[in-house]
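Chains as they are written, first to last, in my numbering: chain E, 25 to 485; chain C, 9 to 303. By construction, the Cβ of each residue, glycine as well, lies at the ideal position given by its N, Cα and C atoms. Take a look at the structure below.
And the structure:
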């Protein structure tokens, strides 16, 4: 064994997985996990912990894994995280725990994400649940949205004795874990639903089909419904479009719509009724994780798939692993390229995308070099489906229906990032609703901080 | 699960259901809609609210059997349940935000095309309950497709009926009745048109010609109904709007109906294929023009 290198993880072969929705990465088995754990030097001042948004005691759990004490390892992780099987799969570890790992200075960092995943999967397969607190404190908290922010907030509050109800707008719990991230990255029945069951086993009640802001308002929850506090984790909002000609043509979708059809509605499966377009040639516009998810979904449904992104590879916002997987599977990257028009046939359907080549100019406000069009470089890509993955703007339902809730210029809910407090008494918020589109783990961090904020607020009330 | 308390066939392929849905009934307003799913594999179907009873916690919907999901829904009877029923969604009709005194000064007309009588009804009823009068024209292809005539009669000042084939009421389309009323000197200050897109498009042309400000209710393809998917986008006055959060009601003189009608066709082939499977099961072997053969 080379201590400078990670124990390699087994994956489904690229050519095979490009035609199915099974999970790409198989994860470690017990021997591989123990071997990888033995590479950890258990730093006293563990930098990995400071890199973890939810502060998992990483050297502790890895120490247990090394000795084969997987149950103990699970207890350490579940003290800090309500969704370890999810985080082990979708966290950007390279820029968090693994990014600061001492081992990484002279070799590869410890594969912390894969170890977390192993422990969580092992616990699930062995029927181990997080510990429930039966001591109730008599206080009620309502949580808006059952995505990563809401679930982690609910998990902590339930452990501290609160009576927690999550109100979910869709028919199924999980938020982006359910409607957004595809099966091949995050299995729904295998991983997401059991994690949600774990949160429910702590005593959290989830009520689907309730739209806060429509079915009931936050003022009503705090008033006649008798909740002591409300946490808003309603997630990202309305998909953005480019505003170019042809965008309303048939065959142009937001990534949200395309992924929701595929993931939440299981469109494309024999037994389900929701339709989805089976593209022959798909163009995905954007370079984030959501763009990779949409592209890899279209590919699996049989399309020749192109990703069009206006900057260069170095600026791609998606995780390195996702880009790597997408390339392996045969997705064609058209970098430094920007759509200028969607070409439409006589029936109103997409027939192609007119693009222009870009080059990087002077750095802009974000510090990244601004892409500028190269004159005369226009060309066409044939396509019958275009998927816009350009991010989202916050959902107006809650701000529009809640008196006294301060909203930022970007229309996000204004919060104190340490406590999740908003401008309205008793109302806390976190995740994409407060920050704009970000990651699962940052939403979980915000959910945990808000749980602490709510606990302090209600303890001193 | 959400229990069906009543199921009634109103006309050919047209059904009324009363469903127990306290979360919707407590808050809904005229003009809003709901989304339901028949079963675990069902799609999310948006339907405009036809009536509601806050005390009973019930919501009334009217639907037409047009695809595989509505075909499944019509088979359900009182006592059965649907898997999901969520709402209210969309904005309430602008009329209910106007001061009643202002509304009373206006002469208001509703024009319902076919199943559009269902979403028109709660608005007329709401106005009636607030002492505001309104006239209603219900138009349909033929007599049997005129819905809610009695109910509408009870809440409308004047009710006019028209049928394309002349089998009942005024012969011709609903817009023709309006033109006749205008020719006789009746002046309307506000018009609400709800019906099939093609009917709304042409009736809006009539109200535009007559200079009557007009509102239409759009019911495009959508998935979540909360603003997340953008599938329901349409162009209104050159701007992209989402029917689920910005609507469903829009200025009828600004809606790009041609584009909206094209988008409505998006899944026609997919839906047709599913429908044929449902009707003909494994016996269907192509030739329908929808399914591309036995594949």
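**OP:** Have a look at residue 296/C and residue 280/E and give me their C-alpha separation to the nearest angstrom.
**Re:** With a pLDDT of 44 at residue 296/C, under the threshold of 50, the predicted position of this residue should be treated as unreliable, and no value is reported.
Subject >> Pick from 49/E, 55/E, 46/E and 59/E that is closest to residue 28/E, judged by C-alpha positions >> reply: 59/E
Subject >> Straight-line Cα distance separating residue 275/C from residue 301/E >> reply: 8 Å
Original post:
Taking C-beta to C-beta, are residue 117/E and residue 77/E nearer than 8 Å?
Top reply: no
Subject >> Outcome for residue 159/E when other beta-carbon atoms lying within 10 angstroms are tallied against a minimum of 16 >> reply: exposed
Original post:
From residue 305/E to residue 320/E, what does the alpha carbon distance come to, in whole angstroms?
Top reply: Spanning the two alpha carbons is a distance of roughly 13 Å.
Original post:
Going along the region 89-107 of chain C in order, which residues come within less than 8 Å of chain E, judged by CB to CB distance?
Top reply: Answer in chain order: 91, 92, 93, 94, 95, 96 and 97.
Subject >> Contacts of residue 421/E in chain C (Cβ-Cβ under 9 Å) >> reply: 234, 235 and 253
Original post:
Helix, strand or coil: how does DSSP classify residue 85/C here?
Top reply: coil
**OP:** State the Cα-Cα distance for the pair residue 179/E and residue 226/E, rounded to the nearest angstrom.
**Re:** 7 Å
**OP:** Give the interface partners of residue 243/C over in chain E, defined as CB-CB distance under 9 Å, in chain order.
**Re:** Result: 272.
Subject >> Beta-carbon contacts of residue 303/C that lie in its chain and below 6 Å, excluding the five residues immediately before and after >> reply: Low local confidence applies: a pLDDT of 34 at residue 303/C is under 50, so the model's placement there is unreliable, with the coordinate-based value given in what follows. Nothing meets the Cβ criterion.
Original post:
In angstroms, rounded to a whole number, what distance separates the CA positions of residue 338/E and residue 482/E?
Top reply: 46 Å
**OP:** Thinking residue 62/C and residue 52/C are a contact (beta carbons under 8 Å), I'd like their distance in whole angstroms, please.
**Re:** At roughly 24 Å, the Cβ-Cβ gap does not stay under 8 Å, so residue 62/C and residue 52/C are not in contact.
Original post:
Would residue 221/E count as contacting chain C if we go by Cβ distances under 8 Å?
Top reply: no
Subject >> Min CB distance residue 23/C to chain E below 8 Å >> reply: no
**OP:** Assign residue 166/C to one of two classes, buried (16 or more other C-beta atoms within 10 Å of its C-beta) or exposed (fewer than that).
**Re:** exposed
Subject >> CB contact flag (residue 32/C, residue 13/C, <8 Å) >> reply: no
Subject >> Separation of residue 125/C from residue 22/C, as counted between CA atoms >> reply: 12 Å
Subject >> In chain order, each alpha helix (DSSP H) run of at least 4 residues that lies wholly inside the region 212-265 of chain E >> reply: 217-225 and 242-246
Original post:
Of the residues that make up the region 14-38 of chain C, which ones have a beta carbon closer than 8 Å to any beta carbon in chain E?
Top reply: 31, 32, 34 and 35
Subject >> Proximity winner among 177/E, 421/E and 313/E, relative to residue 477/E (alpha-carbon distances) >> reply: 177/E
Original post:
Are any of the Cβ atoms in chain C nearer than 8 Å to that of residue 297/E?
Top reply: yes
**OP:** Per DSSP, which residues does residue 19/C bridge with? Please list them.
**Re:** BP columns for residue 19/C point to 22/C.
**OP:** Can you give me the Cβ contacts of residue 469/E inside the same chain, cut-off strictly under 7 Å, excluding the 5 residues immediately before and after it?
**Re:** For residue 469/E, where only same-chain residues beyond five positions count, the Cβ hits under 7 Å are 77 and 78.
Subject >> Within chain E, the residues that residue 226/C reaches when beta carbons sit closer than 7 Å >> reply: The contacting residues do not exist; residue 226/C stays about 13 Å from chain E at best.
**OP:** List the residues that DSSP assigns as beta-bridge partners of residue 76/E.
**Re:** In DSSP, residue 76/E forms no bridge with anything.
Original post:
Under the rule that 16 or more other beta-carbon atoms within 10 Å means buried, what is residue 238/E, buried or exposed?
Top reply: buried
Original post:
By the criterion of Cβ-Cβ separation under 7 Å, what are the contact partners of residue 285/E in chain C?
Top reply: 231
Original post:
What residues from chain E crowd round residue 239/C, counting only those whose CB sits closer than 8 Å?
Top reply: 277, 278 and 281
**OP:** Kindly indicate which residue of 56/C, 17/C and 155/C has the alpha-carbon position closest to the one of residue 101/C.
**Re:** Nearest Cα to residue 101/C within the set 56/C, 17/C and 155/C: 56/C.
**OP:** Buried or exposed for residue 278/E, please, with buried defined as at least 16 other CB atoms from any protein chain shown within 10 angstroms of its CB.
**Re:** buried
Original post:
Tell me, which residues are paired with residue 384/E by DSSP?
Top reply: 395/E
**OP:** Report yes if the C-beta distance between residue 272/C and residue 205/C is below 8 Å; otherwise report no.
**Re:** yes
Subject >> Residue burial classification, residue 192/C (beta-carbon count within 10 angstroms, cutoff 16) >> reply: exposed
Original post:
Curious, which full-length beta strand (DSSP E) runs of at least 3 residues does the region 31-80 of chain C contain?
Top reply: 41-45, 53-61 and 66-72
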